[in-house]
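Q: In terms of mature numbering (1 follows the signal peptide of the UniProt record, and there is no 0), the sequence shown is residues -18 to -1, 1 to 337. Here a beta-carbon is modelled for each residue, glycine too, at the ideal position from N, C-alpha and C. Bear in mind that the values here come from a model prediction, so they are computed numbers and not experimental data. Next up is a structure, given as structure tokens.
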Amino acid sequence: MDFRIATLLGAILYVAASAPNPHEAKNLCPKGLNAPVFSYADPDNCMQYFACAHGRNYPRVCPDSKHFNNVSKVCVPPYSHFDTCALNPHEAKNQCPQGPNATEFFYADPDDCTQYFACANGRNYPRSCPDGKRFSNVYKTCVIPYSYFDTCAQENALKECQNGYKGLIAHPTICQRYYNCTSVPTQLLSFLGPNDRQCIFPKVFDVVRQECLPFKQAFCGSNRIAGKNRCDYFPNWCPGPAHCIPCSFYYASCDSLADGYHRPKGRGFPRKYILCENERVLEETYCRGPGFFLPRLARCIPWEYFSPACTDFQIYSSVLGKCIRDIFYDDRCSPSQFYSPKRKKCLSYEHFLAE
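Shown next as structure tokens:
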């Protein structure tokens, strides 16, 4: 009897294994004699899944209308944080890192700053900030609306203005720029958008006090960069594709210069000098009267303190010698010396200062 039962069961299993598989079109099972145990969600029905055996897929049903999770390989509550099967209604806004080693990630809903998404296994799950707060992509937390931490409002300033907000919003990346939602949208210059405004050089926009202040007094925030010279401010840009003289031709820069007085780079105006601090131009002026600015002394020196330089085809006498056709006949002060009109001779730097 036992032998007959065993034979019958073997025949049934053989017939079942050799019978056509009605789910072959959805068969994702590993093949081969040593194929591992495997299960996966039915691509057409999240409440069903397939269990694999010997390369064949056998349908199973999750209890209590749960959905099958392809990652943890168990049935989970539908549309929960663990539900990897259901169609994602937020896929259009999915900015989550993909791949098996994707890191944890959070980001604000681009259409609603009070909402944000948490990422898990490449899928974005919506979350809400409490108490009407807004999510910051920089600080990765919910913050007080329109505070200097509210980078979501800064990134969507024009939309905030259009939605009825009345106030000032800092530019998300440029410290001297801001948006004025209280004024009628106008386009002051071709490269500025509606409600886009800028502080007058050298002031920048303080995100806490909501006003333009000197850069020493202003707080820009961790993600906003302040312009250092006039060429970083829009009135000095070339409008559109028009050909124009570069801004740097008109305005000096303190980029890479130490604090103190300097002669502007690449300029043929020896009388002009600038005062730099933190690579910013604090002062730009000229020497008064005849003479020019000497950087190593940080002061203007009258022409009479230097021995004469010969120019082409001039004949004239001088206190140190004579120029005849571009040749100077007599001793000139060396580059390290200065001419003293009082003593009628060249002096060292130390003796020159002692006069």
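Buried or exposed for tyrosine 121, going by 16 or more other Cβ atoms inside 10 Å?
A: Counting from one through the sequence shown, the residue named residue 121 turns up at place 139. With fewer than 16 other Cβ atoms inside 10 Å of its own Cβ, tyrosine 121 counts as exposed.
Q: Could you tell me the distance, in whole angstroms, from the CA atom of alanine 90 to the CA atom of phenylalanine 274?
A: Residue mapping note: residue 90 aligns to position 108 of the sequence shown, counting from 1. Residue mapping note: residue 274 aligns to position 292 of the sequence shown, counting from 1. If I take the Cα positions, the gap works out to 57 Å.
Q: Do arginine 245 and lysine 210 have their beta-carbon atoms positioned less than 8 Å apart in this structure?
A: As a working note, residue 210 is residue 228 in the sequence shown. As a working note, residue 245 is residue 263 in the sequence shown. For lysine 210 and arginine 245, no; Cβs fall outside 8 Å.
Q: Can you name the start and end residues of the beta strand (DSSP E) that cysteine 236 belongs to?
A: Along the sequence shown, one-based indexing puts residue 236 at 254. Judged by DSSP secondary structure, cysteine 236 falls outside any beta strand (DSSP E); it is assigned neither H nor E.
Q: When the Cβ atoms of the segment 55 to 74 are set against those of the segment 92 to 112, are three or more pairs found closer than 8 Å?
A: Segments in contact, yes.
Q: Quick check: the segment 71 to 80 against the segment 38 to 47, are there 3 or more CB pairs under 8 Å?
A: no
Q: Report yes or no: do three or more beta-carbon pairs, one from the segment 141 to 156 and one from the segment 105 to 115, lie closer than 8 Å?
A: Taking a cut-off of 8 Å on C-beta distances, the segment 141 to 156 does not touch the segment 105 to 115, as fewer than three cross pairs fall below it.
Q: Can you give me the start and stop residues for the beta strand (DSSP E) that alanine 135 sits inside?
A: Taking the first residue of the sequence shown as 1, we reach residue 135 at position 153. Not the beta strand (DSSP E): alanine 135 falls in the alpha helix (DSSP H), residues 133 to 137.
Q: How far does the beta strand (DSSP E) with asparagine 39 in it extend, from its first residue to its last?
A: Within the sequence shown, residue 39 is the residue found at index 57, counting from 1. Per DSSP, asparagine 39 belongs to the beta strand (DSSP E) from 38 to 43.
Q: Classify alanine 234: buried if its beta carbon has 16 or more other beta carbons within 10 angstroms, exposed otherwise.
A: Here residue 234 corresponds to residue number 252 of the sequence shown, with the count starting at 1. Buried: at least 16 other Cβ atoms inside 10 Å.
Q: I need the DSSP call for serine 47, collapsed to helix, strand or coil.
A: Within the sequence shown, numbered from 1, the residue matching residue 47 stands at position 65. Note: serine 47 maps to helix in three-state DSSP.
Q: Can you look up glutamine 144 in the DSSP assignment and give me helix, strand or coil?
A: Indexing the sequence shown from 1 puts residue 144 at position 162. Reduced to three states, the DSSP call for glutamine 144 is helix.
Q: To the nearest angstrom, report how far apart asparagine 119 and phenylalanine 88 are at their CA atoms.
A: What you label residue 119 is simply residue 137 of the sequence shown in a count that begins at 1. What you label residue 88 is simply residue 106 of the sequence shown in a count that begins at 1. The alpha-carbon atoms of asparagine 119 and phenylalanine 88 are separated by roughly 8 Å.
Q: When the distance is taken between beta carbons, is tyrosine 147 closer than 8 Å to isoleucine 203?
A: As a working note, residue 203 is residue 221 in the sequence shown. As a working note, residue 147 is residue 165 in the sequence shown. At residue 203 the sequence reads glycine, which differs from the isoleucine that was named. Against a cut-off of 8 Å, the Cβ pair of tyrosine 147 and glycine 203 comes out as no contact.
Q: In angstroms with no decimal places, state the Cα-to-Cα distance between tyrosine 268 and cysteine 95.
A: Your numbering for residue 268 matches position 286 in the sequence shown. Your numbering for residue 95 matches position 113 in the sequence shown. Near 51 Å, if we compare the C-alpha coordinates of cysteine 95 and tyrosine 268.
Q: Classify phenylalanine 32 as helix, strand or coil using the three-state DSSP reduction.
A: The sequence position of residue 32 within the sequence shown is 50, counting from 1. Strand at phenylalanine 32.
Q: Spell out whether any CB of chain B is found under 8 Å from the CB atom of cysteine 67.
A: This model lacks chain B altogether; it includes just one protein chain.
Q: Helix, strand or coil for arginine 212? Go by DSSP, reduced to three states.
A: Taking the first residue of the sequence shown as 1, we reach residue 212 at position 230. In the structure shown, arginine 212 sits in a helix (DSSP, three-state: H, G or I).
Q: With distances taken between CB atoms, is the gap from glutamate 279 to cysteine 258 smaller than 8 Å?
A: Position 297 of the sequence shown, counting from 1, holds the residue named residue 279. Position 276 of the sequence shown, counting from 1, holds the residue named residue 258. For the record, residue 279 in the displayed sequence is leucine; it is not glutamate. Cβ distance not < 8 Å, so leucine 279 and cysteine 258 don't count as in contact.
Q: What's the C-alpha gap between proline 176 and glutamate 142?
A: As a working mapping, residue 176 is identified with position 194 in the sequence shown. As a working mapping, residue 142 is identified with position 160 in the sequence shown. Spanning the two alpha carbons is a distance of roughly 12 Å.
Q: Under three-state DSSP, which class holds cysteine 95?
A: The residue you call residue 95 lines up with position 113 of the sequence shown. The answer is strand: DSSP assigns cysteine 95 an E or B state.
Q: Could you have a look at lysine 327 and say whether DSSP puts it in helix, strand or coil?
A: Numbered from 1 along the sequence shown, position 345 holds the residue referred to as residue 327. DSSP places lysine 327 in the strand class (E or B) of the three-state scheme.
Q: Using the Cβ count rule (16 or more neighbours within 10 Å means buried), how would you classify cysteine 226?
A: Against the sequence shown, residue 226 aligns to sequence position 244. Cysteine 226 should be labelled exposed.
Q: List the residues that DSSP assigns as beta-bridge partners of residue 370.
A: No statement about residue 370 is possible, as the shown extent of the chain runs from -18 to 337 and does not include it.
Q: Taking all protein chains shown into account, do 16 or more other C-beta atoms lie within 10 angstroms of the C-beta of histidine 36, making it buried, or fewer, making it exposed?
A: Against the sequence shown, residue 36 aligns to sequence position 54. By the neighbour-count rule (16 or more Cβ atoms within 10 Å), histidine 36 is not buried but exposed.
Q: Run the CB neighbour count on glutamine 136, radius 10 Å, all protein chains shown included, and call it buried at 16 or more, exposed below.
A: Translated into the one-based positions of the sequence shown, residue 136 becomes position 154. Buried, since its Cβ has 16 or more Cβ neighbours within 10 Å.
Q: Leaving out five residues on either side along the sequence, give the residues of the same chain with a beta carbon under 7 Å from the beta carbon of valine 125.
A: Sequence index remark: in the sequence shown, residue 125 carries index 143 (1-based). Contacts found: Lys115, Arg116, Ser118, Phe131, Asp132.
Q: Excluding sequence positions up to five away, which residues of its chain have a Cβ less than 8 Å from the Cβ of asparagine 51?
A: Along the sequence shown, read from residue 1 onward, the residue named residue 51 stands at position 69. For asparagine 51, where only same-chain residues beyond five positions count, the Cβ hits under 8 Å are Ala23, Cys57, Val58, Phe64, Asp65, Thr66, Cys67.
Q: In terms of alpha-carbon separation, which member of Arg281, Ala152, Arg253 lies closest to arginine 179?
A: Working through the sequence shown from its first residue, we reach residue 179 at position 197. Ranking Arg281, Ala152, Arg253 by Cα distance to arginine 179 puts Ala152 first.
Q: Going by other Cβ atoms of all chains shown within 10 Å of its Cβ, with 16 needed for buried, is asparagine 39 buried or exposed?
A: The residue given as residue 39 occupies position 57 in the sequence shown. When all chains shown are included, asparagine 39 counts as buried.
Q: Can you check whether the CB of cysteine 229 is closer than 8 Å to the CB of arginine 212?
A: Along the sequence shown, read from residue 1 onward, the residue named residue 212 stands at position 230. Along the sequence shown, read from residue 1 onward, the residue named residue 229 stands at position 247. In this structure, cysteine 229 lies closer than 8 Å to arginine 212 by Cβ.
Q: Look at leucine 150 and asparagine 138 and say whether their C-beta atoms are less than 8 Å apart.
A: Position 168 of the sequence shown, counting from 1, holds the residue named residue 150. Position 156 of the sequence shown, counting from 1, holds the residue named residue 138. Judged by their CB atoms, leucine 150 and asparagine 138 are not nearer to each other than the 8 Å cut-off.
Q: Using DSSP's beta-bridge definition, name the partner residues of isoleucine 207.
A: The residue given as residue 207 occupies position 225 in the sequence shown. Ile156.
Q: Going by DSSP in three states, leucine -10 sits in which element: helix, strand or coil?
A: Stepping through the sequence shown from its first residue, residue -10 is reached at position 9. Caution applies to leucine -10, whose pLDDT of 45 falls short of 50 and renders its modelled position unreliable; the value that the coordinates give is listed next. The answer is helix: DSSP assigns leucine -10 an H, G or I state.
Q: For the beta strand (DSSP E) holding cysteine 194, just list the boundary residues, first then last.
A: Translated into the one-based positions of the sequence shown, residue 194 becomes position 212. Start and end: 193 to 195.
Q: Look up aspartate 26 in the DSSP assignment and give the residues it is bridged to.
A: For the purposes of this step, residue 26 is identified with residue 44 of the sequence shown, where counting begins at 1. According to DSSP, aspartate 26 bridges with nothing at all.
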